[in-house]
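Numbering (my numbering), first residue to last: -17 to 137. From the three backbone atoms N, C-alpha and C, an ideal C-beta is built for every residue, glycine too.
(1) If I measure Cβ to Cβ from residue 14 and keep anything under 8 Å in the same chain, skipping five residues before and after, which residues do I get?
(2) For a test of the three-state rule: what should DSSP assign to residue 45, helix, strand or coil?
(3) Cutting at 7 Å between CB atoms, please list the residues of its own chain near residue 12, excluding the five before and the five after it.
(4) Can you tell me the Cα-Cα spacing of residue 90 and residue 10, whole angstroms?
(5) Pull the bridge partners of residue -12 from the DSSP assignment, please.
(6) Would the beta-carbon of residue 123 fall within 7 Å of that of residue 84?
(7) Compare the C-alpha of residue 64 against each of -7, -14 and 137 and name the closest.
(8) Who are residue 95's beta bridge partners in DSSP?
(9) Measuring CA to CA, which of 130, 136, 62 and 81 is closest to residue 100?
(10) With DSSP collapsed to three states, give me the class of residue 67.
(11) Beta-carbon separation of residue 60 and residue -13 under 7 Å?
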């Protein structure tokens, strides 16, 4: 199976490493330094398990900063884009998630998108209607920074 992961932070990278054990995974990130590190099998985040998996496991994993390369042949796209919360206005900024969804739709009309980003209740239904695209689902994340792969392996 071909899987793209949008975002190389702790949520995206831990999911990418987990999935790359049995699938072809391409991580896409806007930060070139992260892309280079992943392609050199070095973790851009502090996580003991990710570092160990890069060193010891056979992973079908690569990274790019080119969304087309990541999305065009993906069966699934895991969206792990940042959603900053504004306490003052009680508001999640979901613009990065929406940007990824638009980019996926531009390059691949059949991919199933899995939102792992923290989004408000009802967001998935709203974005499906707004984009007129049913293949968008939500899977909550429950990860601790620096323990993200461990938490995926042992929920």
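With the given structure in hand:
(1) 47
(2) strand
(3) 47
(4) 15 Å
(5) 10 and 61
(6) no
(7) -7
(8) 59 and 118
(9) 62
(10) strand
(11) yes
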